[in-house]
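Colleague: Chains as they are written, first to last, in the working numbering: chain E, 1 to 138; chain D, 139 to 707.
Virtual Cβ for every residue (Gly too), placed ideally from N, Cα, C.
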Amino acid sequence: MKSLRPTTATKFHIDMGWWEKQNKDIRVFMRDLLCAECKERLASQPGSPMVDMIDPETAEVTRVDALWEAIRACCSNRPGYLTPETPILDGIFRVFLANGNKPLSAQQLHERLEKRPADVILRMLTRGQVYLGIKPVE
Amino acid sequence: MSFQQKRRTQTEEYWRDEFEMHREDTEHLYEWLVEEGEPRPLDALVLKVMERRIQREELALAKGGKGAVYQPQDKFEVGQKLVFPAFDYSAGQVLAVRQGDNPRYGTFSVIKVLLEKETSAREFAAELVPDHVLKKSVAQVEEIEGVLPARQVCELYGESAGAQVEQALKENDDFVQFDGQWYLKGLLPEVTEFHLNLAEAMIDERRSPLTVGQMLDEVGLPATAKAQSRAYALGLAMSKDPRFAKTGTGEGATWFLANLIPAGVRDTPRRLEVSFRARGGEWLSRELLDLVSEVGDQADELPNTPPVSAGAVNSVTFFLSYPHRREGTVPMTARALSMVEKQPGERFMVTFVDKRTGERMSGWVMQSGGYAWGLGDWYQQHGLPVGSLIELSRGEDGQSLRVGFDEGKRRSEWVREARVVGGRLTFSMQRKAYACRYDKHLLLEEGSAEELDQLWQNPGGPSSALFDCLVDLIPELAKLSGQGLVNAKTLYSAVNLTRRSGAVPIFAELTRHACFDPVGDGNWVYDESLRKVLYTSPEEMSRRPSSHRQDLIVDRVFAYGMPSEDKKP
């Protein structure tokens with residue numbers, strides 16, 4: 001029933017497989033998004049520690065990277081995480097980090113970012129080059 | 139005292155904060171629409187979703203053996219049975235308990251649970267101290283409370299859930315919405331070009347709008363689908379075809395051919411596009427307020443004017459202004475509109491019936507435009523000038539309007555005739571004869587309409603344009619009177635020869651500028667030396683301290699549209 005061509009209803013997410021294939025470390029990008037407090041706290045923890053994260057709606061617990069958990073639970077709620085000046089594709093990346101990489105459509109991204117129409121967001125996400133691993137959900 | 143866990147689906151918090159459309163909800167609606175075989179409004183779909191959620195909760199609670207409802211603040215033990223509301227009331231058994239690992243939440247534990255119908259275990263928080271939405275929603279209430287039926291829950295909280303349901307349906311390609319009804323694309327009977335051509339031919343032949351129901355049999359869609367489904371499919375297809383224009387909503391909606399809709403109905407005629415309308419709060423003297431009522435311009439109706447209840451008004455009168463005469467339209471104020479019982483949409487057809495001859499004329503009402511179209515020939519036929527008094531009254535069938543004027547002995551009158559000279563509007567007095575009742579101050583002959591067209595000003599000019607227009611017009615009109623007077627109504631009539639304005643904006647300009655002075659009987663004079671002086675307070679507008687006139691009339695001013703007991707005589 002679904003058409004192959006992405007529409008404004010097609011869901012996107014950060015494809016972790018893309019990061020592996022590109023041999024890039026998403027944690028480097030995440031570390032840049034930490035607030036000062038989290039940066040200091042996590043600096044004392046070497047390696048890639050894992051922590052429990054509690055889903056705000058279902059209370060389900062998942063083991064997640066401590067960096068990502070800090071972004072979701074703390075840093076993404078700080079002013080300055082997502083501002084009108086944040087470039088649109090960076091903003092989309094930050095939205096996915098903040099929501100735990102739950103798939104969102106261009107329409108939903110438009111509603112969360114409150115800028116650029118959904119069709120423009122769709123064009124930016126599908127114009128060829130994959131940016132920060134943001135791809136349609138397969 | 140006994141405690142009963144309040145059902146989550148009985149709380150506002152659940153529908154407002156927790157409720158999210160799941161794939162199962164959408165599938166439930168899909169199956170329901172398949173069973174119904176007919177489109178359904180959003181309200182009905184919301185009710186179905188709410189019913190399902192309520193039933194699921196009841197089912198879970200009824201299965202007492204499945205265990206307690208999971209709440210993250212509780213402590214659990216291995217082997218304990220639980221029901222998880224956030225997972226569609228799935229039951230599960232605690233397999234293990236471990237210490238939680240995240241200083242952000244303080245001390246807490248984590249239970250490992252295998253939910254029914256799942257093959258791998260999930261983990262959930264337990265003994266959680268910080269706030270969590272699941273802790274809030276499962277309120278403890280004293281004693282057993284009555285459980286509201288789904289319909290009543292829907293009435294209370296359906297609005298909160300409705301937005302979620304609508305959004306989920308919009309994002310799902312299987313569903314389609316038209317005219318407030320939702321249906322499944324896959325169930326729509328196919329409407330081909332052949333069917334649409336037949337519909338077009340039917341409307342063209344009858345030359346009047348038809349409902350989908352009137353066309354359905356002859357169009358001949360396959361009878362395998364229910365009639366309502368066929369009507370929906372035909373309406374949906376017509377809405378996407380530019381040949382058709384919808385002239386109402388809901389069951390009373392009718393379809394007409396776009397090329398048969400008069401230009402004055404398809405788009406608001408430029409002479410009815412209001413440049414200056416009443417906003418409320420303009421300062422006007424008591425005399426000017428009375429004149430506003432006499433003129434009865436719909437551009438003086440304030441935006442928050444409440445609709446007049448049907449049956450409250452049997453007739454309205456108005457003086458014909460140049461824009462309405464030129465476009466063959468009548469102003470549809472809230473009072474005039476209340477005389478039409480059936481108003482199927484923003485744009486719909488009415489029948490005008492000549493009060494004297496009984497002649498019937500097709501017309502259209504444009505609600506948001508504030509006018510009805512279709513009297514151009516009638517104005518011409520009876521030689522009705524600008525300023526003539528027209529009466530609209532309720533028709534016998536609730537869908538027609540009787541239109542008439544007071545016919546009297548033809549008598550001759552000196553009348554102002556407009557002419558365009560050197561690109562400016564000028565006036566001269568001419569002898570004319572009319573056989574209708576009119577207001578002598580509003581009475582105008584427009585001379586050459588083509589010449590006036592060249593001076594027509596569309597909305598969008600500077601706010602000072604109205605004052606400049608008055609300053610240009612007053613000397614022209616004043617020269618026709620022995621004493622240099624201009625009646626406020628004459629000014630209103632003359633302004634409307636070149637731009638559309640209500641009476642209130644014009645009269646407000648007269649009131650706040652010191653260069654205009656009232657000298658009684660609605661007459662005003664102009665003093666060029668005071669052109670740049672403005673009165674800013676109501677007291678100044680009333681007393682007019684800069685005036686050089688001995689015959690000045692001091693009249694208290696009132697804010698237009700604002701309640702004031704003092705206004706009553």
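Could you confirm whether any beta carbon from chain D is found closer than 7 Å to the beta carbon of Ala73(E)?
Modeller: Closer than 7 Å: yes.
Colleague: Excluding sequence positions up to five away, which residues of its chain have a Cβ less than 7 Å from the Cβ of Leu410(D)?
Modeller: So the qualifying residues of the chain are Pro461, Glu465, Thr467, Gly507, Tyr509 and Arg638.
Colleague: What whole-angstrom Cβ distance do Phe543(D) and Leu563(D) have, given they're in contact under 8 Å?
Modeller: Not confirmed; about 27 Å, so no contact.
Colleague: Can you tell me the Cβ-Cβ gap for Ala299(D) and Met188(D), rounded? I've got them flagged as a contact below 8 Å.
Modeller: Confirmed, Cβ separation roughly 6 Å.
Colleague: With a threshold of 7 Å between beta carbons, is Ala263(D) in contact with chain E?
Modeller: Yes, its Cβ sits closer than 7 Å to a Cβ of chain E.
Colleague: Is there contact here, the region 310-320 of chain D with the region 18-28 of chain E, by at least three beta-carbon pairs under 8 Å?
Modeller: No, the region 310-320 of chain D is not in contact with the region 18-28 of chain E.
Colleague: For Thr147(D), decide whether its Cβ has a neighbour in chain E, counting only Cβ atoms nearer than 7 Å.
Modeller: Not closer than 7 Å to any Cβ of chain E, the Cβ of Thr147(D) fails to qualify, so no.
Colleague: Below 8 Å on the Cβ atoms is my guess for Ile71(E) versus Leu104(E); work out the distance and round it to an integer in Å.
Modeller: Wrong, their Cβ atoms sit about 16 Å apart, outside the cutoff.
Colleague: Looking at the structure shown, is Asp544(D) part of a helix, part of a strand, or coil, going by DSSP?
Modeller: Looking at Asp544(D) - three-state DSSP - the assignment turns out to be coil, as it is neither helix nor strand.
Colleague: What separation, rounded to the nearest whole angstrom, lies between the Cα atoms of Val671(D) and Cys574(D)?
Modeller: Each residue's alpha carbon lies about 42 Å from the other.
Colleague: For a cutoff of 7 Å on Cβ pairs, would you count Pro223(D) as touching chain E?
Modeller: With 7 Å as the cut-off, Pro223(D) does not count as an interface residue toward chain E.
Colleague: Could you tell me which whole beta strand (DSSP E) segments of length 3 or greater appear in the region 283-346 of chain D?
Modeller: Here the runs fully enclosed are 313-316 and 319-322.
Colleague: So what does DSSP say about Gly561(D), is it helix, strand or coil?
Modeller: In this structure, Gly561(D) counts as coil in the three-state DSSP scheme.
Colleague: Distance cutoff 7 Å, beta carbons only. Does Val248(D) sit that close to anything in chain E?
Modeller: Yes - at least one Cβ of chain E is within 7 Å of the one on Val248(D).
Colleague: In terms of alpha-carbon separation, which member of His270(D), Val451(D) and Met470(D) lies closest to Phe457(D)?
Modeller: Nearest of His270(D), Val451(D) and Met470(D) to Phe457(D), Cα basis: Met470(D).
Colleague: Threshold first: 4 residues or longer. Then list the alpha helix (DSSP H) segments lying entirely within the region 362-406 of chain D, N to C.
Modeller: Taking only runs of at least 4 residues, the alpha helix (DSSP H) segments lying wholly in the region 362-406 of chain D are 365-377 and 401-404.
Colleague: Under DSSP, the beta strand (DSSP E) around Gly230(D) begins and ends at which residues?
Modeller: Looking at the DSSP string, the run of the beta strand (DSSP E) that includes Gly230(D) is Ser228 to Gln237.
Colleague: When Cβ atoms are compared, which residues of the region 42-55 of chain E fall closer than 9 Å to chain D?
Modeller: Per Cβ criterion, the list reads Met50, Val51, Asp52, Met53, Ile54 and Asp55.
Colleague: Using only the alpha-carbon positions, how far apart do Gly533(D) and Asp492(D) sit?
Modeller: For Gly533(D) and Asp492(D), the distance between alpha carbons rounds to 10 Å.
Colleague: Using alpha carbons as the reference points, say which of Asp226(D), Ala371(D), Ser500(D) and Phe696(D) lies closest to Tyr208(D).
Modeller: It is Asp226(D) whose Cα lies nearest to the Cα of Tyr208(D).
Colleague: Comparing C-alpha positions only, which one of Ala369(D), Ala198(D), Glu588(D) and Gly699(D) sits nearest to Arg145(D)?
Modeller: Nearest C-alpha to Arg145(D): Ala198(D).
Colleague: Run the CB neighbour count on Lys255(D), radius 10 Å, all protein chains shown included, and call it buried at 16 or more, exposed below.
Modeller: Lys255(D) is exposed by the Cβ-count criterion.
Colleague: Would you check if there are 3 or more beta carbon pairs closer than 8 Å linking the region 147-167 of chain D to the region 240-256 of chain D?
Modeller: Cβ pair count under 8 Å is below three, so no.
Colleague: Just list the alpha helix (DSSP H) runs in the region 443-506 of chain D, keeping only unbroken ones of 4 residues or longer that don't cross its boundaries, in chain order.
Modeller: Those alpha helix (DSSP H) runs which fall completely within the region 443-506 of chain D and span 4+ residues are 460-465 and 472-475.
Colleague: Can you pull the chain E neighbours of Gly373(D), defined as C-beta to C-beta under 8 Å?
Modeller: None at all; the shortest Cβ gap to chain E is about 24 Å.
Colleague: On a Cα-Cα basis, can you pick out the residue from Leu67(E), Gln129(E) and Val137(E) that is closest to Ala32(E)?
Modeller: The residue you asked about is not Ala; residue 32(E) is Asp in the sequence shown. For Asp32(E), the nearest C-alpha among the options comes from Leu67(E).
Colleague: If the criterion is Cβ atoms closer than 7 Å, does the pair Gly238(D) and Leu220(D) meet it?
Modeller: No, the Cβ-Cβ distance between Gly238(D) and Leu220(D) is not below 7 Å.
Colleague: Using the three-state DSSP reduction, which class does Gly80(E) fall into: helix, strand or coil?
Modeller: Note: Gly80(E) maps to coil in three-state DSSP.
Colleague: Excluding the 5 residues flanking Val446(D) on each side, which residues of the same chain have their C-beta closer than 8 Å to its C-beta?
Modeller: Within the same chain, Val446(D) has close Cβ partners Ala472, Arg473, Leu475 and Ser476.
Colleague: Do the region 644-653 of chain D and the region 671-680 of chain D make contact, defined as three or more Cβ pairs closer than 8 Å?
Modeller: The region 644-653 of chain D is in contact with the region 671-680 of chain D.
Colleague: Among Lys186(D), Gln218(D), Tyr168(D) and His270(D), which one has its Cα closest to the Cα of Asp155(D)?
Modeller: Comparing Cα-Cα distances from Asp155(D) to each of Lys186(D), Gln218(D), Tyr168(D) and His270(D), the minimum goes to His270(D).
Colleague: Compare the C-beta of Glu60(E) against all C-beta atoms of chain D and say whether one is closer than 7 Å.
Modeller: Answer yes: the Cβ-Cβ gap between Glu60(E) and chain D drops below 7 Å somewhere.
Colleague: Please identify, using Cβ separations under 8 Å, the residues of the region 158-189 of chain D that lie next to chain E, in order along the chain.
Modeller: From the region 158-189 of chain D, only Glu158 have a Cβ closer than 8 Å to chain E.
Colleague: If contact is defined by three or more beta carbon pairs under 8 Å, each pair taking one atom from either stretch, is the region 364-377 of chain D in contact with the region 168-177 of chain D?
Modeller: In short, these stretches touch, since the Cβ pair count reaches three.
Colleague: Sorted by chain position, which residues of the same chain lie with C-beta nearer than 8 Å to Leu109(E)'s C-beta, five sequence neighbours on each side aside?
Modeller: So the list reads Phe12, Ile92, Val95, Ala118 and Ile121, once near-sequence residues are dropped.
Colleague: Name the two residues that bound the continuous beta strand (DSSP E) containing Val130(E).
Modeller: Run containing Val130(E): none; DSSP gives neither H nor E here.
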